[in-house]
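Visitor: From first to last, the protein sequence lines stand for chains A and B.
Under our numbering, the first residue of the first sequence carries the number 1, and numbering increases by one thereafter.
Under our numbering, the first residue of the second sequence carries the number 204, and numbering increases by one thereafter.
Provided herewith is a single structure, encoded as structure tokens, for subsequent inquiry.
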Amino acid sequence: MRNLKSAAFVLSCAVLVGGCEREEPAGAAVAGAPGGQPSVNAHGAATLEFQNRIKAYLEIHHQAEGQVPNLKRTDDPQEISDREALLAKAIQTLRAGATIGEVFAPEYQPYFIKIVQDDFAARPAADRKAIINELPKNMEVDVNTVYPTTIALATFPAGLLRKLPNLPPELEYRLVGRSLILRDVKANLIVDILRDVVPTIPS
Amino acid sequence: MKNDRVMRLAPALVMLAVATAVAAMRADPPQRPTPQMSAVTDTRPPGGTGSVTFLVLGDTGTGDRAQFEVAAQAWKSRQVFPYEFAIMLGDNLYGSERPQDYANKFERPFQPLLDAGVQFHASLGNHDDPNQRYYKPFGMGGQRYYTFKKQDVRFFALDSNYMDRDQQAWLERVLRESNDKWKVAYFHHPLYSSGGRHGSEVDLRETIEPLFIKYGMNVVFAGHEHFYERLKPQKGIHYFTAGGSAKLRSGDIRIGPLTAKGYDSEQSYMVVEIDGDVMRFQALSRRGKVVDSGEITRQAKPAGSS
């Protein structure tokens with residue numbers, strides 16, 4: 001089942017890379033045609049790079065899963081929390097020294113910023129304010145650390161989710177303060193962070 | 204003679220009793236006292252026989268006195284209205300999610316229901332770790348979103364925190380495949396709400412309401428808002444918000460064009476019966492008073508929707 005989903009993810013990456021046409025964000029890397037090289041679609045190249053990094057992370061995730069017991073449905077919540085902690089620890093070890101931007105590829109960051117900011121700009125002020133008010137505030141986030149279980153995961157706006165690149169089931173986007181984070185769902189780990197993406201509410 | 208023997212054994216018996224008491228205290232950490240049930244419940248029995256009956260709880264996971272009292276009332280209701288299972292509308296565990304939190308915020312409050320074999324089917328709220336899906340008593344089958352059937356009623360438990368493309372595609376597929384008489388969805392965030400704190404989840408509504416309409420959803424239950432609200436039918440669909448089963452946001456309902464009935468002065472829960480083409484519902488307060496009740500007759504849906 002996992003292989004099937006991963007295959008579906010790879011296929012969706014190919015479709016995404018091949019099929020997307022987007023307005024170039026300001027500051028985006030432009031892949032021109034220096035020295036007579038054939039020009040490439042900058043957005044497509046950036047998307048491909050992002051998806052390659054996702055695949056690289058998934059390899060680590062699956063390697064870590066191979067080191068810990070399988071999580072099955074259980075009556076014992078201790079098993080759930082133990083497994084979550086063991087998986088997180090295994091990934092943290094395999095990714096020791098991980099830094100910001102390892103998955104949110106720098107080439108793709110301007111696109112993420114544009115997607116999020118355009119989405120917020122298109123919303124009515126009340127809607128924008130409601131979303132921002134719900135986001136966890138004053139929360140320190142760092143790469144390869146556990147998302148604090150005492151802090152609610154803010155609902156991810158469904159409309160925005162439709163605009164972002166699809167993720168495999170092991171990963172999800174979340175908004176924390178002004179940051180967009182990638183979270184490992186089963187390990188409850190913060191995989192990467194893109195800061196200052198969410199706009200502030202004008203006073 | 205007998206008295207002498209008792210006297211000689213007395214110190215040993217006292218020590219044994221003390222040691223037993225100390226051991227018992229160590230083995231069983233102090234537990235919250237089981238709340239006394241209200242002497243009354245206004246719950247009315249189901250109208251039909253062999254109908255689908257269930258309990259609706261939302262935003263329960265506090266582990267506080269209010270949760271215990273609502274749970275006790277829900278148990279009291281069951282003596283009159285023997286619901287078969289319970290649906291949970293998310294925020295099943297607030298705050299930390301250590302093993303003892305599962306006990307304090309779910310198992311202990313609902314122990315009588317669990318002991319009686321009432322099956323729970325939870326959905327995830329914004330305070331819930333998605334790994335709750337592996338906890339068997341939540342009845343999620345290891346999935347963030349899932350479906351199950353009771354007689355001619357199909358239930359759809361959604362994860363409204365994260366409505367990604369995969370979930371949307373799954374929802375469309377299972378709705379399309381369902382030829383059940385009734386379709387009932389439940390999830391955490393209300394598509395329509397008169398709440399002052401949160402209000403309607405317009406973004407989510409734009410994403411899933413078209414599917415509900417296209418495939419003939421009949422009824423939707425949501426939580427998140429810590430009160431009870433029955434909304435006026437929207438595009439032929441009946442919406443209920445029941446997120447006040449432990450937390451309460453008193454006075455938060457802004458009565459407006461959406462509201463058919465609102466109750467935000469006390470915690471609440473619902474018992475529901477689906478009997479042929481009729482759904483009967485009762486919303487009850489923490490003290491067992493009926494705060495809303497009524498029945499809905501299933502409407503014919505567009506061709507191909509059911």
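Every residue, glycine too, gets a C-beta built ideally from N, C-alpha and C.
1. Taking the alpha carbon of Gly-266 of chain B as the reference point, which residue from B:Ser-254, B:Arg-489, B:Val-377 and B:Pro-312 has its own alpha carbon closest?
2. For Asp-362 of chain B, verify whether its CB is less than 6 Å away from any heavy atom of the ligand MN.
3. Could you check whether the Cβ of Gln-78 of chain A sits closer than 7 Å to any Cβ belonging to chain B?
4. Would you decide whether Asp-142 of chain A is buried or exposed? Buried here means 16 or more other CB atoms lie within 10 Å of its CB.
5. DSSP on Ile-458 of chain B, reduced to helix/strand/coil?
6. Does any residue of chain B have a CB that is nearer than 7 Å to the CB of Asn-41 of chain A?
7. Kindly list the residues whose CB is nearer than 8 Å to the CB of Lys-137 of chain A, restricted to its own chain and excluding five residues on each side of it in sequence; keep chain order.
8. Go to Val-321 of chain B, then tell me how far its beta strand (DSSP E) extends in each direction, as first and last residue.
9. Can you grab the Cα-Cα spacing for the pair Val-198 of chain A / Ser-363 of chain B, in whole Å?
10. Given a cut-off of 7 Å on the beta-carbon distance, is the pair Asn-295 of chain B and Gly-344 of chain B in contact?
11. What separation, rounded to the nearest whole angstrom, lies between the Cα atoms of Gly-298 of chain B and His-391 of chain B?
12. Can you give the Cα-Cα distance for Tyr-466 of chain B and Ala-372 of chain B, rounded to whole angstroms?
13. Could you tell me which chain B residues have their CB closer than 7 Å to the CB of Leu-153 of chain A, listed as they occur along the chain?
14. Could you tell me whether the Cβ of Lys-339 of chain B comes closer than 7 Å to any Cβ of chain A?
15. Report, in whole angstroms, the separation of the C-beta atoms of Leu-292 of chain B and Gly-426 of chain B, which I expect to be a contact under 8 Å.
16. Give the DSSP-derived three-state secondary structure of Glu-140 of chain A in the structure shown.
17. State yes or no: is the C-beta of Val-68 of chain A within less than 7 Å of the C-beta of Ala-90 of chain A?
18. At a Cβ threshold of 7 Å, is Thr-150 of chain A touching chain B?
19. List the endpoints of the continuous beta strand (DSSP E) containing Phe-358 of chain B.
20. Under three-state DSSP, which class holds Val-185 of chain A?
Guide: Taking the definition as stated:
1. B:Pro-312
2. You won't find the ligand MN in this model; it holds no ligand whatsoever.
3. yes
4. exposed
5. coil
6. no
7. Gly-177
8. No beta strand (DSSP E) contains Val-321 of chain B, which DSSP labels as neither H nor E.
9. 21 Å
10. no
11. 17 Å
12. 35 Å
13. Asn-329 and Asn-364
14. yes
15. 3 Å
16. coil
17. yes
18. yes
19. 356-360
20. coil
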